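Peer 1: Provided herewith is a single structure, encoded as structure tokens, for subsequent inquiry.
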Amino acid sequence: MRTAYYKVSYLKDAALYDSKFSRFWMIVLGVAVLAVPLVVSPFQIYLVNQALIAAIAAIGLNLLIGNTGLVSLGHAAFMAIGAYTTALVSVHWSFPFLLAVLTGAGAAALFGTVAALPALRLKGLYLALVTMGFAFVVDFVIRRSDLLGRDNGLLVPIPSIGPLIITTSEQWYFLLVIVLALIAMGVKNLIRRGTGRAFAAIRDRDIAAAIMGVNLTHYKILAFALSSAIAGLAGGFYASLIGFINPAHFNLLLSVEFIAMIIIGGLGSVLGSIVGALFLTFLPELIRGTLEGRFTFLDENFEDFRIALFGFIIVVVLVREPDGFVGRWRDTKNYFRAWPYRQVPD
């Protein structure tokens, strides 16, 4: 009988599936993912697409905050840089869709590297305020630039991959699922390697990490660049999905929403980023669908209600379950793995 759950080698610790049970559930998840377009309405699959893009961006932010401990309130700005770069190179230089999106990710990574410079000397609240200031600068530039459409925004061409023109929500769904899976596996692999351990050392105690030989300058800039690139990638897909962008799409509230997603899902967890994005995308719409027409004030002020709901959920999660949904799932899973040898409360 198993008395506890231990991993006795680095290979087992780095394995994608740690048991046959995990492999079974991954197969079930794969079948469920393929079945989604068959069982949901067009509007619901559009919401799923929005959630998938949010999950991509949330993974990038979690890499920065959850894994490296660098707080940022400018994530929406990097998403905006990716979105606007994608739109510009698509319209003015006729870049192919995927190349345009990758160009947007590269531009966001470049600006992320610049934004990382204050992180070499600041952390915590001070770094958060600096990144918020960077977001305001990006918003100001967009609103004052004729090239970027000012407040009127920009139209984004219909994307295509080779002969395939991506117009339906189902096509977008499968594309975004593939992209999300690649990003999730890439980041998961990264945080299990030496780079991820360096990020964790900086998060836990940067002075001790420096004493141990971790190059703080290199890894802090790398964390910002990777996080910004992923945000820019999400921004490029978002711009192409909705076909139109303006500064209102990338305000400070969006950055706060991403922070809410990773807190609720679980800091430092790729799965937590995805769970948090799905939860916070669908919960407001579920409440709207349930209560629509019953409360006039809710119909008229739903956006304000959504913001208040996010704040309430953040408070509840931080008080009741600081590790988020994934932390609770991890504790529950380990509890049953060790059964019947359960921990006795103090």
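Just so we're aligned: the sequence shown equals residues 4 to 349 in our numbering.
No residue lacks a Cβ here, since even glycine has one placed at the ideal position from N, Cα and C.
All values reported here derive from a predicted model rather than from experimental measurement.
#1: Report yes if the C-beta distance between Gly156 and Ile248 is below 9 Å; otherwise report no.
#2: Within a Cβ cutoff of 6 Å, which residues of the same chain sit near Gly152, ignoring the five residues on either side of it in sequence?
#3: By the three-class DSSP mapping on this structure, what secondary structure does Ser44 have?
#4: Name the DSSP bridge partner or partners of Phe247?
#5: If the criterion is Cβ atoms closer than 9 Å, does the pair Phe253 and Ala86 meet it?
#6: Express the C-alpha separation of Thr106 and Ala212 in angstroms, rounding to a whole number.
#7: Do you know offhand how far Gly77's Cα is from Glu173's?
#8: Measure the Cβ-Cβ separation of Thr71 and Lys223 and say whether it is below 9 Å.
#9: So which of Leu167, Ile316, Leu91, Ala110 has the shortest CA-CA distance to Asp149?
#10: Does Leu167 come out as helix, strand or coil in the three-state DSSP assignment?
#11: What do you get for Glu260, buried or exposed, if any count of 16 or more other CB atoms within 10 angstroms of its CB means buried?
#12: Quick one: is Asn337 buried, meaning 16 or more other Cβ sit within 10 Å of its Cβ, or exposed?
#13: Would you say the segment 109 to 124 touches the segment 38 to 54, given that touching needs at least three Cβ pairs under 8 Å?
#14: Would you decide whether Ile277 is buried or exposed? Buried here means 16 or more other CB atoms lie within 10 Å of its CB.
#15: Whose CA, out of Ala187, Thr198, Ser75, Pro99, lies closest to the CA of Phe137?
#16: Which of the three DSSP states, helix, strand or coil, is assigned to Thr198?
#17: Leu321 by DSSP, collapsed to three states: which one?
#18: Thinking Ala251 and Thr89 are a contact (beta carbons under 8 Å), I'd like their distance in whole angstroms, please.
#19: Taking Ala103 as the reference, which of Ala58, Gly238, Phe81, Pro45 has the closest Cα?
Peer 2: Let's see:
#1: Going by C-beta atoms, Gly156 is nearer than 9 Å to Ile248.
#2: Around Gly152: no qualifying Cβ.
#3: Three-state result, Ser44: coil.
#4: Its beta-bridge partners are Leu158.
#5: Going by C-beta atoms, Phe253 is nearer than 9 Å to Ala86.
#6: So the alpha carbons of these two residues sit roughly 33 Å apart.
#7: Separation of Gly77 and Glu173 (C-alpha to C-alpha, rounded to the nearest whole angstrom) is 31 Å.
#8: Yes; because the gap between Cβ atoms is below 9 Å, this pair is in contact.
#9: Nearest neighbour of Asp149 by Cα position, chosen from Leu167, Ile316, Leu91, Ala110, turns out to be Leu91.
#10: It is a strand residue.
#11: Within a 10 Å sphere around the beta-carbon of Glu260 sit 16 or more other beta-carbons, which makes this residue buried.
#12: So Asn337 ends up on the exposed side.
#13: No, the segment 109 to 124 does not touch the segment 38 to 54.
#14: Around the Cβ of Ile277, a 10 Å sphere holds 16 or more other Cβ atoms; the residue is buried.
#15: Among Ala187, Thr198, Ser75, Pro99, the Cα nearest to that of Phe137 is on Ser75.
#16: Judged by DSSP in its simplified three-state form, Thr198 adopts helix.
#17: In the three-state reduction of the DSSP assignment, Leu321 falls in the helix class, which pools H, G and I.
#18: With a Cβ gap of about 18 Å, Ala251 and Thr89 do not count as contacting.
#19: Ranking Ala58, Gly238, Phe81, Pro45 by Cα distance to Ala103 puts Gly238 first.
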